[in-house]
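Peer 1:
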């Protein structure tokens, strides 16, 4: 692999990352959310329920920041708080999938269609390589986040 190719790859990766951030900011704005609230909502929607403490551990946010996040998303009826019967100090977050999809699905339909069209131009072998890159790069980024959040 030449240095020139590596630089081009890094530039393409950076452009993809930047474009992703800008797109999600625009989607969030249309949805009446901040970019970070939009991304954290996406994380929360991956779970049928999650505790505030688990959100803090997954994201590196302080418990105070998680409380603010939950307050903002609950106000928009995108999730609700439920207190544990065993320990009333433990807050369980239940995402409101219906309201979240009603808000976000129309904003993602065009992106999903265009992404599907792009994916269909690749072979399964090519997609396997791309998937491997994303999967392994995500692990590296998570490790880096965990390392930085420990300090």
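In the working numbering, the protein residues as written are 1 to 151.
Beta carbons are placed, not taken as given, at the ideal position from N, Cα and C, and that holds for glycine.
Keep in mind it's a predicted model, so treat the numbers as computed, not measured.
So which of 83, 98, 150, 137 has the shortest CA-CA distance to residue 17?
Peer 2: Of the listed residues, the one whose Cα sits closest to residue 17 is 137.
Peer 1: For residue 58, which residues in the same chain have their Cβ closer than 7 Å to its Cβ, ignoring the five residues on either side in sequence?
Peer 2: Answer for residue 58: 43, listed in chain order.
Peer 1: For residue 133, count neighbouring C-beta atoms within 10 Å of its own C-beta (all shown protein chains included) and say buried if the count is 16 or more, exposed if not.
Peer 2: Exposed, since its Cβ has fewer than 16 Cβ neighbours within 10 Å.
Peer 1: Does the Cβ of residue 100 have 16 or more other Cβ atoms within 10 Å, making it buried, or fewer, making it exposed?
Peer 2: Buried, since its Cβ has 16 or more Cβ neighbours within 10 Å.
Peer 1: What does residue 83 pair with, by DSSP beta-bridge criteria?
Peer 2: Residue 83 pairs with 91.
Peer 1: Using 10 angstroms around the beta-carbon of residue 111, count the other beta-carbons present and answer buried if the total reaches 16, otherwise exposed.
Peer 2: Classification for residue 111: exposed.
Peer 1: For residue 70, is the classification buried or exposed, using 16 other Cβ atoms within 10 angstroms of its Cβ as the cut-off for buried?
Peer 2: Flag for residue 70 reads buried.
Peer 1: Residue range of the alpha helix (DSSP H) that residue 106 falls in?
Peer 2: Note, residue 106: alpha helix (DSSP H), 97 to 119.
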